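Encoded as structure tokens, the structure appears first; notes follow it.
Residue numbers (this note's numbering), protein chains in the order written: chain A, 381 to 842; chain B, 381 to 842; chain C, 381 to 842; chain D, 381 to 842.
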């Protein structure tokens with residue numbers, strides 16, 4: 381018999397943790413957990429305690445004897461871990477508020493994953509994930525790292541390629557949502573269809589086949605602009621051109637709207653910002669109310685309210701992935717892992733998001749093959765943007781950060797983009813030790829966001 | 381409900397057919413067949429009739445109502461087929477006798493798959509498989525072509541890449557045998573282990589992992605020189621160097637003995653030839669006695685004697701593959717299919733033999749990733765040899781045939797190799813219309829094998 | 381002795397032709413021309429006659445006996461040609477006016493080479509260049525095609541890769557201008573420096589070394605924002621970020637301003653348009669006045685006024701290239717030719733603009749080697765854009781045209797971009813037979829530019 | 381004015397040095413040398429002194445004031461060097477005798493560059509060249525390293541790729557000889573023809589064009605089996621198949637005989653060995669007599685006798701290359717340098733032997749483009765063999781050495797090849813510190829060559 385499992389969750393104080401706990405409870409019979417360690421930092425202590433108590437109540441309401449331990453001491457938690465999940469957010473939602481407000485005020489997208497915001501999230505996260513990997517090399521050298529900290533693909537590439545921790549898988553809920561919702565539209569069960577995905581995190585396409593080996597992608601394209609399709613609820617549904625999609629013969633992910641309808645997505649984002657501030661600010665309110673609910677000492681299951689956030693199914697996917705590894709299941713999932721040739725137009729050592737077989741060996745990608753020039757060109761520039769972002773995050777080199785900003789299709793390059801880069805650097809000073817020299821110089825030049833919300837956050841030590 | 385299946389077997393008069401029939405009987409409940417058409421040519425009519433009657437008796441001994449039809453009219457058979465299997469041998473075993481005797485008499489390997497013999501088998505087969513594909517395009521445009529005519533990888537490459545029939549899968553029993561025998565050696569069940577294969581037909585390697593994700597390839601290497609391992613019985617077991625295999629961290633297939641122990645394999649082959657003639661001649665005797673057994677009107681199952689031939693499990697693998705497609709199973713099998721990046725050091729449109737997921741969509745390769753220079757260099761030259769062979773088979777160009785002979789590691793290049801090439805061309809004149817011009821020229825120069833067995837075969841119209 | 385040369389210039393009525401004539405006169409001693417055929421179409425007859433007379437007067441003022449023949453009969457001209465130069469403009473400047481006005485009125489770049497305008501220029505030109513190549517295959521199968529019709533790289537790719545005319549070289553004046561102007565800035569002679577260029581037409585970078593093998597690129601970067609550098613006069617000099625350029629260690633071409641300073645370039649372009657209409661309209665005036673000058677029966681040399689147009693040095697580069705081929709010179713020039721590995725991150729059969737050795741064999745690229753992710757990602761998307769453009773031009777498929785528009789970094793994708801695409805299709809109906817079906821459909825939907833200038837041009841049959 | 385040049389020649393006691401000196405004398409006017417340092421080791425002191433005195437006499441007979449300094453102190457010599465040439469032979473000709481005798485006695489090729497001997501030469505040389513590069517990094521960080529120690533391509537790859545000394549060029553006389561001799565056959569001057577080479581050292585092909593851009597390769601193929609062609613005198617002229625060469629459209633180098641006529645080359649080599657011992661033994665005699673000539677105090681120029689050795693024109697090529705760098709000449713030469721895409725089927729960071737432009741920047745390869753499967757497959761396995769050889773030389777891993785032996789087309793793999801490997805390891809113990817562990821083990825097993833010549837050499841401390 382295999383030994384019971386020790387799970388460690390970095391960023392355990394996240395409002396998503398109850399979904400993760402629920403996922404483990406559902407799968408206890410196939411995957412007997414002994415301990416769940418929830419790790420967070422000083423700033424997140426209060427939330428961590430609330431989550432820790434709720435998580436323990438959830439387990440106590442089951443027949444299973446599982447201990448939930450909360451700690452601020454990461455090293456202690458990691459010792460002997462079997463699976464480490466990462467869902468932390470450096471600088472919390474306050475950092476995301478800056479990521480989104482500063483570009484928006486300059487009339488650009490503050491998009492938090494692939495846009496300016498996402499690149500800064502990577503700049504802040506990569507130094508921390510490096511420390512985590514270094515700890516793991518010493519304290520739990522056989523553990524798997526299941527990452528769902530965004531930008532998930534970039535972080536996974538840093539971990540596998542740069543910090544050389546091969547046992548890492550990146551997760552995302554976007555493919556999960558597509559595979560849950562699309563079949564309904566054509567009155568099918570997910571189990572009747574074959575899905576094949578390929579691309580990068582938040583930038584992938586898929587093809588769908590029915591049980592008679594017929595390619596029904598074209599049929600699904602016809603429905604793509606309907607409500608309730610595969611696009612996550614947090615993305616504005618600018619209309620896709622069906623002629624464009626048919627010429628590819630592929631279904632895009634929801635995030636492709638930012639690339640195929642740049643203009644509308646930007647206009648809508650600016651409009652929303654003017655009406656109600658950034659999505660991060662809305663999230664902060666949602667989170668506050670979630671934590672009020674979590675505090676209820678009678679609550680012993682995941683509350684319905686959590687489902688409504690954008691990140692639903694993320695954690696369940698993580699539990700499924702962990703179980704597939706533990707039980708050597710050989711099931712098909714879409715995850716971020718090393719390319720190894722699955723997408724021949726990208727380097728074999730790049731991290732890609734593709735349909736994989738998940739077993740005790742980890743994720744084995746299923747090949748996608750050659751792409752047409754349209755998908756290929758976009759994919760290659762997005763991977764290049766990811767590489768520039770990682771290079772900048774590792775080196776702290778300003779020119780390289782500028783490369784990432786210039787090459788990113790969601791940033792309109794030029795003087796204003798540089799201004800945004802500069803203001804973001806200064807605004808995130810606390811979390812960007814690698815850029816210290818440049819930030820000092822920028823501050824001397826008087827660079828600073830004039831946005832009252834940002835000014836206020838910084839006054840309060842963020 | 382899906383409609384019942386029509387199977388067509390080209391080369392239906394083969395002595396292997398009873399295994400195929402047995403495989404379909406075993407799987408009838410999951411794969412209801414209505415008709416099996418066995419197709420052969422005039423020269424094979426007698427055998428075809430014997431096989432046809434045995435096959436019908438085998439079905440009649442089951443509760444299932446399946447009709448076996450024998451015919452010399454390929455077009456009639458192909459009409460509306462769902463699956464077409466190819467196991468024909470152009471020129472029958474007599475052609476193989478020439479393939480093996482002519483090189484052997486010049487002190488070279490007559491190896492019938494990757495050696496001189498295999499290249500000539502390809503020269504003879506490619507024009508015929510082209511005709512079959514052309515028929516299929518008209519008569520059964522949705523059918524799958526399951527090829528196990530050797531050289532299986534080369535024929536599959538011709539079909540998919542040159543004749544553009546994408547629904548083709550090539551099969552081989554070598555991986556099957558390895559996965560059946562190796563686990564026993566270390567007291568494991570096949571189901572407890574994860575196998576990953578990559579390479580070309582008769583030229584692949586594999587890695588093995590246990591259920592705890594541990595790479596146990598090294599452990600299996602230690603046993604590789606023992607009897608009863610994964611090497612097919614028809615290959616002489618020259619000793620592998622364990623140091624060489626450990627430096628790769630991979631298990632070779634049995635055919636690698638020809639490449640890692642060239643000298644012993646050649647010496648043994650010549651010795652065997654001197655003692656007992658070629659393997660083809662032995663096979664001819666085995667076949668004759670098998671057909672005597674098949675004639676027995678009371679025989680209604682696959683006779684034990686068949687199992688002892690080299691090609692066991694081939695046909696069962698074919699049935700399993702067909703069922704996996706028909707039932708959209710998503711199981712793991714090792715087949716020849718389009719690379720699409722699974723082995724990044726070969727072109728995405730090359731045919732490779734790799735671990736795949738087999739479902740209604742066909743074969744989806746699982747990536748293997750980068751290779752070390754040793755495996756990579758050998759694989760690249762073998763693929764180049766396959767390409768030269770196909771180019772020569774298609775063009776009938778002598779210089780290109782010479783390229784194939786020169787680059788093939790199992791042929792020692794030079795004047796004598798050219799002599800072998802020339803004699804084989806003349807000896808196979810009947811089946812090589814594409815080389816007509818060159819053969820006429822060679823005959824004028826007086827080129828002809830002086831071997832009495834070859835002379836005799838040719839006198840008799842072969 | 382080599383036989384005297386027959387030159388054919390398609391689009392011979394161009395205002396640039398006098399520079400070409402001057403270039404041939406300068407080089408007569410090394411390259412004895414017998415005849416120059418200037419070919420044009422009915423619409424350009426008047427200009428052709430003016431140019432033809434001027435060209436003949438230019439030769440008559442030299443000691444050389446060279447005949448200038450003007451004709452509307454392309455086939456007659458091509459017969460036995462040694463070198464064919466192409467500098468035609470399908471639809472003349474009126475077409476360019478539409479290319480630039482329609483996007484500008486929607487607030488987008490009408491950039492005539494890599495932007496929306498450039499893609500439409502390719503849509504119009506590719507069917508015509510195909511006819512020219514087909515004529516050449518019959519009438520002058522050994523001739524060289526020296527293309528300077530824009531978008532030069534795309535047209536050259538169509539000719540070499542799709543129409544399989546290998547003896548084609550694409551030319552551009554941008555590298556010539558850089559190599560003429562940059563050395564002066566640092567008080568050097570061009571001959572003292574080693575230049576290496578790589579990229580695509582209007583999208584390349586270069587490195588510069590001095591005679592002591594020292595890389596002085598960084599030194600030149602420091603001067604890049606000064607007036608009089610390597611940027612063609614027709615491009616607005618938005619400021620480059622020196623930090624960005626230093627992080628690459630490369631000098632960009634002037635057109636990179638559109639990619640590194642998207643926002644300023646767009647704003648400036650719209651502003652200019654509001655002030656003075658499009659550049660095409662200005663060009664039309666310049667041309668009219670040039671032709672007035674050309675009419676002067678006493679003029680027998682290239683007038684000074686021509687030098688001031690954007691395209692200076694183009695024709696001289698063409699003459700130099702022709703002489704290098706004719707005289708097997710082995711000199712170094714920057715041209716568009718087949719990659720063949722010079723830029724490993726692009727396909728070997730792509731057309732690229734790189735430093736080459738020009739000799740009787742044509743252009744042999746000098747390798748550039750691997751690129752960093754920033755340059756690589758941009759180059760790959762630009763090449764993909766070129767490929768989508770060619771695919772759309774060849775197929776007339778609307779979805780593919782939309783791919784080209786969506787992937788082009790100078791077009792902001794979405795509903796408005798589709799509107800621009802649609803209006804341009806309708807506006808250019810006369811020159812886009814391959815898109816006939818879609819244009820008919822668009823017209824039924826009432827798509828049409830409402831711009832009075834465009835409306836007027838169309839009324840007059842353009 | 382540039383400063384005068386300091387040349388350092390490692391292995392200065394070589395019998396080839398007078399050609400090098402002659403080359404520098406011829407070019408003094410364009411390349412003013414101040415000092416030539418000849419470096420050797422204790423074992424070569426006597427020869428070094430003889431060469432040093434001859435070299436000084438050669439300079440003294442010219443109007444130029446150049447000082448020749450001989451030394452056993454490499455570090456002292458390297459200080460401030462401008463160009464370092466390497467032509468040393470670890471273990472001298474005695475080592476080569478072992479390299480050739482041991483395989484020959486087992487009936488295999490002792491070929492000293494690409495065969496078993498060449499791999500051992502690499503095993504011995506790579507540790508030493510590593511030390512030289514380390515010294516250079518400290519003592520002459522701007523110097524160029526011009527290598528002509530064999531196997532020249534492998535050594536150059538070790539220097540550039542593994543020891544990261546980019547300013548290194550590898551030289552060989554094989555292309556020089558081809559370009560000198562071939563034109564005569566067709567009554568042309570070298571200067572009238574365009575040559576393009578690509579491949580690896582001792583494994584390359586070339587195409588030839590005349591001054592009218594006509595490919596005359598086929599015409600030269602017709603003459604390839606005649607005496608006095610491009611093959612170095614030390615290679616047995618087994619007949620090439622013209623049909624094979626025409627199918628490629630390429631001229632092979634002389635060493636290709638080993639690959640296209642394996643059998644004859646092996647038989648001839650064994651026969652020669654039986655008649656007259658190894659080529660190394662013959663060379664040793666030639667050398668002894670050369671040094672007798674060199675001792676003559678009246679000799680002050682390169683003696684005719686040197687020309688007759690196999691390595692002629694090597695040193696002159698080195699001088700020409702040095703001058704091209706020093707004078708920023710931009711001339712065309714065939715050298716070993718980093719691929720960078722010139723041969724797309726090999727990695728951009730591999731070292732290849734190709735036509736290059738040589739200037740102050742070093743060697744810039746001219747692209748070759750895609751290859752057919754025949755050339756491609758062979759080239760890829762040869763590069764893989766080189767990589768395995770370097771990996772074994774660096775690691776001292778026996779399994780990896782076995783990889784190199786197994787993959788090498790000139791070694792027939794198997795038990796006997798392993799015996800050769802083992803005997804060579806033991807025989808070269810003195811020069812293979814990296815294999816110490818394995819050699820000790822082999823000696824314990826009693827492995828030793830029984831050849832009296834080898835036994836004798838070892839007794840004498842070699």
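The beta carbon of each residue, even a glycine, is placed where N, CA and C say it ideally should be. These numbers come from a predicted model, not from an experiment.
What does a CB cutoff of less than 7 Å around residue i pick up in its chain, not counting 5 residues either side in sequence?
i	result
residue 450 (chain B)	392, 418, 428, 429 and 432
residue 834 (chain B)	478, 481, 482 and 807
residue 597 (chain C)	587, 588, 629, 630 and 631
residue 780 (chain A)	768, 771 and 772
Exposed or buried, residue i, counting other C-beta atoms within 10 Å across all chains shown (16 or more means buried)?
i	result
residue 381 (chain B)	Bear in mind that a pLDDT of 48 at residue 381 (chain B), under 50, signals an unreliable position, so the number given afterwards is only what the model happens to contain. Exposed, since its Cβ has fewer than 16 Cβ neighbours within 10 Å.
residue 454 (chain A)	buried
residue 777 (chain B)	buried
residue 820 (chain D)	exposed
residue 504 (chain D)	buried
Just confirm the distance between the C-beta atoms of residue i and residue j, as a whole number of angstroms; I'd bet it's less than 8 Å.
i	j	result
residue 478 (chain A)	residue 807 (chain A)	5 Å
residue 697 (chain B)	residue 553 (chain B)	6 Å
Taking the alpha carbon of residue i as the point to measure from, which residue in the options has its own alpha carbon closest?
i	options	result
residue 464 (chain D)	D:522, D:544, D:756 and D:769	D:522
residue 460 (chain B)	B:749, B:517 and B:534	B:517
Residues in the same chain with beta-carbon distance under 8 Å from residue i, minus the five sequence neighbours each way, listed in chain order, please.
i	result
residue 425 (chain D)	393 and 452
Going along the chain, which residues of its own chain have a beta-carbon closer than 6 Å to the beta-carbon of residue i, five neighbours each way excluded?
i	result
residue 397 (chain C)	431
residue 402 (chain B)	682
### Task
Tell me the start and end of each unbroken alpha helix (DSSP H) in the stretch 501–543 of chain B that is at least 4 residues and wholly inside, in chain order.
Those alpha helix (DSSP H) runs which fall completely within the stretch 501–543 of chain B and span 4+ residues are 532–537.
#### Entry: Ranges of the alpha helix (DSSP H) found wholly within the stretch 469–500 of chain A, counting only runs of at least 4
Runs of alpha helix (DSSP H) with 4 or more residues, each lying fully within the stretch 469–500 of chain A, are found at 472–485, listed in chain order.
### Task
Starting from the N-terminal side, write out each stretch of the beta strand (DSSP E) that is 3 residues or longer and does not extend beyond the stretch 423–475 of chain D.
Here the runs fully enclosed are 447–451 and 463–466.
### Inside the stretch 726–804 of chain B only - alpha helix (DSSP H) runs reaching at least 4 residues
Along the length of the stretch 726–804 of chain B, whole alpha helix (DSSP H) runs at least 4 residues long occupy 753–775 and 778–787, reported in chain order.
### Query
Taking the runs of the beta strand (DSSP E) that are 3 residues or longer, which of them lie wholly in the stretch 545–588 of chain C?
Along the stretch 545–588 of chain C, the beta strand (DSSP E) occurs as fully enclosed runs of 3 or more residues at 548–550 and 574–580, listed in sequence order.
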